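The opening position of the sequence shown corresponds to residue 58 in our numbering, with each subsequent residue numbered one higher. What follows is a set of notes on a single structure, which appears directly below.
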Amino acid sequence: MPGGKGIRRAHFRAARSCFGASVRDTVMNELPPITIDPKTFLRRHCSLPALPQALIEIQQAIQSDQVSVAGIAAVIQKDPAMAAQVLKVVNSSYYSLPREIIDVKLAVAYLGISEIYRIVLSMAVVNTLVADRVTGFQKIWFHSLFTALCARHLAKEFEPLLPSSELWVAALLHDVGKLVYLKFFPDHFHAAITLCEEKGILFREAEKALDLPASATLGALLCDHWQLPEPIRNACERHTLFDLPNLMGQSEKDTFLRVIALANILAVLSTDTLVDEKVGQLSRVVSKILRLNESNFMLLMANVAELKLEAEAVGQP
58 MPGGKGIRRA HFRAARSCFG ASVRDTVMNE LPPITIDPKT FLRRHCSLPA LPQALIEIQQ
118 AIQSDQVSVA GIAAVIQKDP AMAAQVLKVV NSSYYSLPRE IIDVKLAVAY LGISEIYRIV
178 LSMAVVNTLV ADRVTGFQKI WFHSLFTALC ARHLAKEFEP LLPSSELWVA ALLHDVGKLV
238 YLKFFPDHFH AAITLCEEKG ILFREAEKAL DLPASATLGA LLCDHWQLPE PIRNACERHT
298 LFDLPNLMGQ SEKDTFLRVI ALANILAVLS TDTLVDEKVG QLSRVVSKIL RLNESNFMLL
358 MANVAELKLE AEAVGQP
């Protein structure tokens with residue numbers, strides 16, 4: 058899809074002209090500007106705690122020759138809250154296990170150490186960023202879970218060779234930049250959300266209209282700070298409609314990120330209040346990339362509606 062930079066530049070101008078200086082100036086007169094220095098952000102300014110000890114110990118065990126199912130289970134069980142969350146995820150409809158698992162050691166043996174590590178990693182990131190479940194967290198978490206379910210579905214139908222477990226956790230954590238916003242700049246975050254709801258636009262468009270740093274940039278900085286795996290960092294940095302023109306290559310990396318970006322769009326289409334023009338634009342993008350006619354697109358959206366119910370059933374982490 059040629060002309061990606063031109064598309065983004067034109068859209069930026071459109072966003073500015075559509076909302077005008079008045080909206081931006083009104084909001085920013087009430088809120089201080091955000092200046093991000095990648096060298097100091099999350100270190101000297103807006104500092105974050107370290108990731109949970111349980112995750113660090115699991116990482117160390119995996120990198121050593123002493124890793125075992127019993128050892129990993131013992132590490133998780135030292136953190137009762139983490140153990141409960143792991144069992145909740147393991148028993149969710151995502152895995153569709155034949156019977157309920159109530160023992161962490163059995164869960165590790167059943168799913169494997171690598172899969173349990175990905176579960177613990179995703180839960181640790183979310184828990185560390187939003188310890189008290191502030192207003193706005195539930196919406197971000199639901200969207201993230203919904204996007205992960207959509208990504209799994211798209212991969213199964215269109216890209217079955219993609220690594221499913223890596224895709225799942227990257228899609229689940231693609232929006233952690235919004236959690237950074239919520240933790241350190243909640244007023245700015247809610248101003249962007251309000252603009253989205255009032256104008257029927259995408260969150261990235263609201264960020265641009267309000268001259269705010271991209272949440273994708275904050276997410277990438279978080280991944281650098283915590284040294285999260287590269288696929289997660291890439292997904293955090295490049296998952297929006299405006300990234301798609303540069304994700305149309307045939308490499309596994311492009312395909313991986315393209316699936317997450319499309320899943321993100323499908324989740325937005327199914328949940329956000331968008332103006333008709335935006336709904337049409339997103340629908341056309343999905344149909345073109347996946348080569349769907351109108352009836353097949355409607356079938357896809359019907360499947361997405363079922364995934365939405367599945368996400369609602371899972372609830373909070």
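Glycine is no exception: its CB is placed at the ideal position from the N, C-alpha and C atoms. Keep in mind the model is a prediction, meaning the values are calculated, not measured.
Per DSSP, the bridge partner or partners of residue i
{"i": "H102", "result": "F98"}
Distance, residue j Cα to residue i Cα
{"i": "C280", "j": "L163", "result": "30 Å"}
{"i": "L356", "j": "L230", "result": "27 Å"}
{"i": "Q142", "j": "V161", "result": "10 Å"}
{"i": "L269", "j": "H282", "result": "21 Å"}
{"i": "M305", "j": "L218", "result": "17 Å"}
{"i": "L349", "j": "C253", "result": "28 Å"}
{"i": "L168", "j": "I129", "result": "12 Å"}
{"i": "K213", "j": "L88", "result": "44 Å"}
{"i": "Q338", "j": "D300", "result": "15 Å"}
{"i": "D232", "j": "L319", "result": "14 Å"}
{"i": "P90", "j": "K96", "result": "18 Å"}
{"i": "L144", "j": "K335", "result": "39 Å"}
{"i": "A266", "j": "P137", "result": "44 Å"}
{"i": "P117", "j": "K135", "result": "A small fix is needed here, since residue 117 is Gln in this sequence, not Pro. For Q117 and K135, the distance between alpha carbons rounds to 16 Å."}
{"i": "T312", "j": "G257", "result": "29 Å"}
{"i": "Q120", "j": "Q284", "result": "15 Å"}
{"i": "H210", "j": "Q110", "result": "33 Å"}
{"i": "I170", "j": "L202", "result": "22 Å"}
Residue i, buried or exposed, once every other Cβ within 10 Å from all chains shown has been counted against 16
{"i": "A127", "result": "exposed"}
{"i": "E262", "result": "buried"}
{"i": "E157", "result": "exposed"}
{"i": "V146", "result": "buried"}
{"i": "R341", "result": "exposed"}
{"i": "V191", "result": "exposed"}
{"i": "T330", "result": "exposed"}
{"i": "A359", "result": "exposed"}
{"i": "L275", "result": "buried"}
Near the ligand ADP: residue i beta-carbon under 6 Å from a heavy atom
{"i": "F199", "result": "The ligand content of the structure shown is nil, which means the ligand ADP is not present either."}
Nonlocal neighbours in the same chain, by C-beta distance under 7 Å from residue i, ignoring five residues either side
{"i": "H247", "result": "G193"}
{"i": "T166", "result": "Rather than Thr, the amino acid found at residue 166 in this sequence is Ala. These residues qualify, in order along the chain: V126."}
{"i": "S179", "result": "V226, L229 and L230"}
{"i": "E367", "result": "S150 and L206"}
Close-in-space but distant-in-sequence residues of the same chain around residue i (CB under 8 Å, 5 per side omitted)
{"i": "F260", "result": "K235, A249, I250, C253 and S272"}
{"i": "L314", "result": "N291, A292, R295, H296, D300 and L304"}
Residues of its chain near residue i, where Cβ-Cβ distance is below 6 Å and the 5 sequence neighbours each way are ignored
{"i": "S222", "result": "E172 and R175"}
{"i": "E114", "result": "V132"}
{"i": "L224", "result": "A208 and A212"}
Which ranges does the beta strand (DSSP E) cover as unbroken runs of at least 3 residues, wholly within the region 192 to 250, from first to last along the chain?
-> Entirely contained in the region 192 to 250, not one beta strand (DSSP E) run reaches 3 residues.
Which runs of the alpha helix (DSSP H), 4 residues or longer, sit entirely within the region 307 to 365?
-> List check, alpha helix (DSSP H) in window: 309 to 328 and 333 to 347.
Taking only runs that begin and end inside the region 105 to 165, name each unbroken alpha helix (DSSP H) of 4 or more residues, in chain order.
-> 110 to 120, 126 to 134 and 137 to 147
Taking only runs that begin and end inside the region 268 to 298, name each unbroken alpha helix (DSSP H) of 4 or more residues, in chain order.
-> 272 to 283 and 287 to 294
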